[in-house]
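A quick write-up on the structure given underneath.
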Amino acid sequence: MAEAAAVASIVGIASFGIQLTKTLYEFASTVSGARDEANYIARHVDLYANVLDILTERIDDDEPILTDAAFDLIDELRYQSHEIFTTIQNLLPVPKQGKDDISFLQKVKWNFAKSRVALLVGELDYLRSTVHLLVTVIFTGKKIRSHRRRAKSGVDISSSHDSDFGRHQIKAQNALLAQREAQEKLEILEVQAARQERPLSIDTGEVYTEPSSARMDIVPITATTLAGLTQSLTAYTDPAERQRVMLQESAHVLQLLLQQWTNIRPSASESTSLEAKAEPVIHNTPNSPEDAAKHSDTRTTNPAQPKYDVIDDKHMGASSQGIDPERPQTLLSEHLEASAAGRENRAHRPIREKSSRSMPPNPCLSSPRVTEILPPGWTKSWDPLISRFRYFRQDGEEMVGVDDWELEKKVSGRVDQTMELRNPPFRLFRDSWR
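According to UniProt numbering, the sequence shown is numbered sequentially starting from 1.
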């Protein structure tokens, strides 16, 4: 019964996506100025609709394999897919009789929406990668079930069958890495979209608020392995290091996803097979005293004595180079295990009651991450695109010239007077400390 309802809901969303793809292509053919952007969105909508069709085929099975958590995820994906499809549809100035039927205001509306194309496509890619991950996990679970039955019936399991089984395991791990990459890319696109709409609030002095209809906040499902994985990976500031950890932990995460989304529980031998497919994390370490001297500034750390960003001989925050590479890996496994244990004890409730859908009005602003005293009403935000902090007043105005990147260049304990002249806001900010 649950499978039939899930299939029906997904078919409805896939049909919506197919119709929206047709509408986008028709709009691109009537308005030459919108052709590239409309076709770009249409291709991604069509790809997502195709993945949704594949999901219906995986669910529609005589033997149920999905758990309640998987159906919760499907319901959330259906809701978010409908939201983003509706957002795209509302942005289209669809003509009734031809391109001359589009008013000037409608064309202005589309030109304003063109700046959000990258964000819309990023949201589509994130949803598509999540659905693809669910599809591959379901298919891997079915392969494990088939493998067990063949072994139990005494049928000789050939080496080719083992090779096929291992290939699907690797595909599932690759889907996990792709989903994580899409999520990180979406976070960057959200920051860029917020920055593009911030200048208006800075010029007018009005408080900046996120537009409700321009974009939607796609967030991971709460109390899931994916949410636990996202939270645990925040310990790594280097994207390459995060990917290496993902490669190492992908087999373990895949086991947790199989337990969360399917009724398949990998045996000890199957778990060993999964872990054997994972690529180990390789940390670059010097092999000789010469190499140690050459790379001592970036590749050698003392876990007992972490490095710090020092300003005026004071510890202002832990540096990313001082993180022990072994310690976050332990935290990742422990956090994922705790997340899996917590799911078994949580009561089932409707997906719409989840508090994770409520986001702060301005996710780009956050409390200071270091022990720094800011003037009243000021906020400090780390911008991953420029790899430095940005400072904002309470009215939303950014104080240009106030950042740790400039401060770290002045580690001598005094402020360069030339920098004061170039950046008056910094002088004002420095005086407020006294």
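Just so it is clear, CB atoms sit at the ideal spot from N, CA and C, and this is done for glycine as well. Predicted model, so just to flag it, every value in this text is computed and none were measured.
Quick check on Q259: buried or exposed, where buried means 16 or more other Cβ atoms within 10 Å of its Cβ? On the sequence shown, residue 259 is found 259 positions in, with the first residue counted as 1. With 16 or more other Cβ atoms within 10 Å, it is buried.
Measure from the alpha carbon of P64 to the alpha carbon of each residue in L127, R145, H82 and E83, then state which is nearest. Reading the sequence shown from its first residue, position 64 is the one you call residue 64. Nearest option by C-alpha distance: R145.
For R116, the three-state DSSP class (helix, strand or coil): The sequence position of residue 116 within the sequence shown is 116, counting from 1. Of the three classes helix, strand and coil, the one that applies to R116 here is coil, per DSSP.
DSSP has E37 in a bridge; who is on the other side? Here residue 37 refers to the residue found at position 37 when the sequence shown is read from its first residue. Answer is none; E37 lacks a bridge partner.
Should G122 go down as buried or exposed, given a rule of 16 or more other Cβ atoms within 10 Å for buried? Taking the first residue of the sequence shown as 1, we reach residue 122 at position 122. Looking at its Cβ environment, which holds 16 or more other Cβ atoms inside 10 Å, G122 is buried.
Does the beta carbon of D72 come closer than 9 angstroms to any beta carbon on chain C? Although the question refers to chain C, the structure presented lacks it and comprises just one protein chain.
Taking the Cβ atom as the reference point for each residue, do L226 and A172 lie within a distance shorter than 9 angstroms? As a first step, residue 226 must be located in the sequence shown, where it is residue number 226. As a first step, residue 172 must be located in the sequence shown, where it is residue number 172. Not a contact, by the Cβ cut-off of 9 angstroms.
My output table needs one value for Y79: the three-state DSSP class, helix, strand or coil. Position 79 of the sequence shown, counting from 1, holds the residue named residue 79. If DSSP states are grouped into helix, strand and coil, Y79 belongs with the helices.
Given a cut-off of 9 angstroms, decide if G141 and N263 are closer than it, judged by their beta-carbon atoms. Within the sequence shown, numbered from 1, the residue matching residue 263 stands at position 263. Within the sequence shown, numbered from 1, the residue matching residue 141 stands at position 141. Contact: yes.
Can you say whether K380 is buried or exposed, counting buried as having 16 or more other CB atoms within 10 angstroms of its CB? Reading the sequence shown from its first residue, position 380 is the one you call residue 380. Buried, since its Cβ has 16 or more Cβ neighbours within 10 Å.
At what residues does the alpha helix (DSSP H) containing R244 begin and finish? For the purposes of this step, residue 244 is identified with residue 244 of the sequence shown, where counting begins at 1. P239 to W261 is the extent of the alpha helix (DSSP H) around R244.
What did DSSP end up calling Y391 once you bin it into helix, strand or coil? Position 391 of the sequence shown, counting from 1, holds the residue named residue 391. If DSSP states are grouped into helix, strand and coil, Y391 belongs with the strands.
Identify the continuous alpha helix (DSSP H) that holds I10 and give its terminal residues. As a position in the sequence shown, residue 10 is number 10, starting the count at 1. It spans A2 to T30 - the alpha helix (DSSP H) in which I10 sits, taken as one unbroken run.
R43 to G17 span [Cα, whole Å]: For this step, residue 43 is matched to residue 43 along the sequence shown. For this step, residue 17 is matched to residue 17 along the sequence shown. Straight-line Cα distance between these residues: approximately 11 angstroms.
For the candidate residues R393, W261 and Y126, whose alpha-carbon lies nearest to that of L66? Counting from 1 along the sequence shown, the entry for residue 66 is found at position 66. Per the Cα distances, W261.
Could you tell me the distance, in whole angstroms, from the CA atom of I84 to the CA atom of T136? As a position in the sequence shown, residue 84 is number 84, starting the count at 1. As a position in the sequence shown, residue 136 is number 136, starting the count at 1. Rounded to whole angstroms, I84 to T136 spans 23 angstroms at the Cα level.
Determine the contact status of L127 and T87, defining contact as a CB-CB distance below 9 angstroms. Residue mapping note: residue 127 aligns to position 127 of the sequence shown, counting from 1. Residue mapping note: residue 87 aligns to position 87 of the sequence shown, counting from 1. Not closer than 9 angstroms, so no.
Proximity of R149 and L233 at Cβ, strictly below 9 angstroms: Translated into positions along the sequence shown, residue 149 becomes position 149. Translated into positions along the sequence shown, residue 233 becomes position 233. Going by C-beta atoms, R149 is not nearer than 9 angstroms to L233.
Note down the Cα distance separating L47 from E397, rounded to an integer number of angstroms. Indexing the sequence shown from 1 puts residue 47 at position 47. Indexing the sequence shown from 1 puts residue 397 at position 397. About 40 angstroms.
Rounded to a whole number of angstroms, what is the C-alpha to C-alpha distance between Q19 and R58? Mapped onto the sequence shown, residue 19 falls at position 19. Mapped onto the sequence shown, residue 58 falls at position 58. Distance between the alpha carbons of Q19 and R58 is about 23 angstroms.
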